[in-house]
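Participant: Got a structure for you, written out below as structure tokens; questions coming shortly.
Protein chains: 2
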Amino acid sequence: VLGGSGQQGGGIARRLARAGRRVIIGSRDPARAAQTIESWRASAPIESAGYTDAAAAADVVVLAVPFSSADGVLEACRPHFRRGALLLDVTVPLTFESGTAALVPVAEGSASEHVKARAGADVRVAATFKTVPAQLLNDIDRPLDCDEFVCGDSAESRTEAAALIAAVAGLRAVDVGPLQRARSIEHLTLLAIGINRRHKVHDARFRIVGL
Amino acid sequence: VLGGSGQQGGGIARRLARAGRRVIIGSRDPARAAQTIESWRASAPIESAGYTDAAAAADVVVLAVPFSSADGVLEACRPHFRRGALLLDVTVPLTFESGTAALVPVAEGSASEHVKARAGADVRVAATFKTVPAQLLNDIDRPLDCDEFVCGDSAESRTEAAALIAAVAGLRAVDVGPLQRARSIEHLTLLAIGINRRHKVHDARFRIVGL
Numbered sequence: 122v123l124g125g126s127g128q129q130g131g132g133i134a135r136r137l138a139r140a141g142r143r144v145i146i147g148s149r150d151p152a153r154a155a156q157t158i159e160s161w162r163a164s165a166p167i168e169s170a171g172y173t174d175a176a177a178a179a180d181v182v183v184l185a186v187p188f189s190s191a192d193g194v195l196e197a198c199r200p201h202f203r204r205g206a207l208l209l210d211v212t213v214p215l216t217f218e219s220g221t222a223a224l225v226p227v228a229e230g231s232a233s234e235h236v237k238a239r240a241g242a243d244v245r246v247a248a249t250f251k252t253v254p255a256q257l258l259n260d261i262d263r264p265l266d267c268d269e270f271v272c273g274d275s276a277e278s279r280t281e282a283a284a285l286i287a288a289v290a291g292l293r294a295v296d297v298g299p300l301q302r303a304r305s306i307e308h309l310t311l312l313a314i315g316i317n318r319r320h321k322v323h324d325a326r327f328r329i330v331g332l
Numbered sequence: 122v123l124g125g126s127g128q129q130g131g132g133i134a135r136r137l138a139r140a141g142r143r144v145i146i147g148s149r150d151p152a153r154a155a156q157t158i159e160s161w162r163a164s165a166p167i168e169s170a171g172y173t174d175a176a177a178a179a180d181v182v183v184l185a186v187p188f189s190s191a192d193g194v195l196e197a198c199r200p201h202f203r204r205g206a207l208l209l210d211v212t213v214p215l216t217f218e219s220g221t222a223a224l225v226p227v228a229e230g231s232a233s234e235h236v237k238a239r240a241g242a243d244v245r246v247a248a249t250f251k252t253v254p255a256q257l258l259n260d261i262d263r264p265l266d267c268d269e270f271v272c273g274d275s276a277e278s279r280t281e282a283a284a285l286i287a288a289v290a291g292l293r294a295v296d297v298g299p300l301q302r303a304r305s306i307e308h309l310t311l312l313a314i315g316i317n318r319r320h321k322v323h324d325a326r327f328r329i330v331g332l
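As they're listed, the protein sequences go chains A and B.
Taking this note's numbering, the leading residue of the first sequence gets 122, the next gets one more, and so forth.
Taking this note's numbering, the leading residue of the second sequence gets 122, the next gets one more, and so forth.
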């Protein structure tokens, strides 16, 4: 989990560890990441490493740094990714200029396609964990009780990503198709943020009815 | 309901009539619309009229024609809308080129902002009824059991639109803010279509958890 010391990455890391996965936090500052991990008192061990070492050690890499940092992290990690690794992009490029949340325009169409273009040809990319609220993810004893959307560059990427989602207690994975659907998922996040603000709640999230 | 003989408009018209609202179907061909209404054997009376007569007679106008027909219908109706009327845009500009669904780019940002720009200065605009599946709406004895999203050009527009939504059995209105949010709602529709196809269901729709 690159950026696993943050709220979103930390929540994903701890919930995956609890689901029995071996988890490595990739961080700019592995010593500080180790302190964060220590503070979690997690039931399962979580390791820490630098970005590139973490990338080199994983078959599934979660990109949980802020979108604005993604290019630098990807450039550093690109030579280190395992051949055929699955990269899960969880970023949402938000801006809060002029007092209201909006999605940053991305030339490739979505954050995930932007990431795909920079991940290297040997890396598969799927988008997920974009809509479950970060602070809820990170409050790991609270039930999630919602759906999480998955799209990806192949049926196989989506299936693998969906299996990881489904391993997290309280999450149902909903496959929504090709990676271009990532922008629609990013719009869901934008809507959820607006709903939180407007309705004075904190954890608005989604459930598909009729599925 | 302009375009009320179609699946979406017909479902909205019949469910609003059932909720006790007086409903007029606005149609290019009012005589045929009258036949359609006859075939519904609705419990409450529904009237038919031409587009402009229907527009002139309504405080709330539902724009339920295909997005590709919206410009023409709005141009015809603009001089006839009541001052301060509320126009509910339910259109979603979809294309199915190259075998996969996508949103048509709209210069104004969303279908609803496009509609706003053409509705006339005295008309208020809100977006809603974009995500409940048309064929489910039109199968009026089936429960909807989901949320419907509302955004609009003022708090007052949103409140009025939300009240109309809430009058329909089984629908909860979720206010998501200003009219620019319409594009995010249109993305929800795109996601639902993809989910239907991919998971071989027909009525994928949304429920907000945590609200």
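For glycine and all other residues, C-beta sits at the position ideal for the given N, C-alpha and C.
#1: For the putative contact between A:T212 and A:A242, defined by C-beta atoms under 8 Å, what is the C-beta separation to the nearest angstrom?
#2: Quick one: which chain B residues come within Cβ less than 7 Å of A:V295?
#3: Under the DSSP definition of a beta bridge, which residues are partnered with B:P299?
#4: In the segment 207-238 of chain B, which residue ranges form an unbroken beta strand (DSSP E) of at least 3 residues, counting only runs that do not cross its ends?
#5: Just the chain A side, please: which residues come within less than 8 Å of B:F327 by C-beta, in chain order?
#6: At 7 Å on the CB atoms, spell out the chain B contacts of A:L311, in chain order.
#7: Rank A:D324, A:R143, A:L311 and A:L207 by C-alpha distance to the C-alpha of A:L265 and give the top, closest one.
#8: Going by DSSP in three states, A:S103 sits in which element: helix, strand or coil?
#9: Is B:G273 close to chain A? Criterion is C-beta to C-beta, closer than 8 Å.
#10: Rounded to the nearest angstrom, what separates B:T252 and B:A283 at their Cα positions?
#11: Need the endpoints of the beta strand (DSSP E) that A:L184 sits in, please.
#12: Who are the near neighbours of B:T216 in its chain, counting only those whose CB is closer than 7 Å to its CB and skipping five residues on each side?
#13: Please confirm whether B:H308 has its beta-carbon closer than 8 Å to some beta-carbon of chain A.
#14: Helix, strand or coil for B:R326, going by three-state DSSP, please let me know.
#15: Under 7 Å Cβ-Cβ, which residues of chain A neighbour B:D324?
#16: Report the neighbours of B:C267 on chain A: residues whose CB is nearer than 7 Å to its CB, in chain order.
#17: Taking 8 Å as the threshold (C-beta atoms), are B:I316 and A:V295 in contact?
#18: Just list the residues that DSSP pairs B:C267 with in beta bridges.
#19: Please classify A:E234 as buried or exposed, where buried requires at least 16 other C-beta atoms within 10 Å of its C-beta.
#20: B:S305 by DSSP, collapsed to three states: which one?
#21: I believe A:C272 touches A:A247 by the beta-carbon criterion, under 8 Å. Please report the beta-carbon distance rounded to the nearest angstrom.
#22: Quick check: what's the CA-CA separation for B:I314 versus A:R199?
#23: Please state if the CB of A:S189 and the CB of A:A154 are separated by a distance shorter than 8 Å.
#24: On the DSSP bridge assignment, give the partners of A:I167 in chain order.
#25: Hey, how far is the Cα of A:T249 from the Cα of B:H308?
#26: Cutting at 8 Å between CB atoms, please list the residues of its own chain near A:G141, excluding the five before and the five after it.
#27: Bridge partners for A:R245 per DSSP, in chain order?
#28: Between which two residues does the alpha helix (DSSP H) holding B:R135 run?
#29: In three-state terms, what does DSSP make of B:L332?
#30: Determine the burial state of A:E281: buried for a count of at least 16 other Cβ atoms within 10 Å of its Cβ, exposed for fewer.
#31: What does a CB cutoff of less than 6 Å around B:T221 pick up in its chain, not counting 5 residues either side in sequence?
#32: Within 10 Å of its beta-carbon, does A:G124 have 16 or more other beta-carbons around it, so buried, or fewer, so exposed?
#33: Considering only C-alpha positions, which residue in the set A:T173, A:A163 and A:A138 is nearest to A:D150?
#34: Could you work out which residue in A:R319, A:V297 and A:A163 is closest to B:V322 when comparing CA atoms only?
#35: In angstroms with no decimal places, state the Cα-to-Cα distance between A:I158 and A:I167.
#36: Whose C-alpha, out of B:R326, B:F327, B:A303 and B:D260, is nearest the C-alpha of B:W161?
Facilitator: Straight from the coordinates:
#1: Contact doesn't hold; Cβ gap of about 21 Å is too wide.
#2: I316
#3: B:G273
#4: 207-210
#5: F327, R328, I329 and V330
#6: S305
#7: A:D324
#8: The requested residue 103 of chain A is not part of the displayed model; chain A covers only 122 to 332.
#9: no
#10: 14 Å
#11: V181 to L184
#12: A223 and V225
#13: yes
#14: strand
#15: G331
#16: V330
#17: yes
#18: B:L292
#19: buried
#20: helix
#21: 7 Å
#22: 35 Å
#23: no
#24: A:V144
#25: 16 Å
#26: A165 and A288
#27: A:L207
#28: Q128 to R139
#29: coil
#30: buried
#31: none
#32: buried
#33: A:T173
#34: A:V297
#35: 7 Å
#36: B:D260
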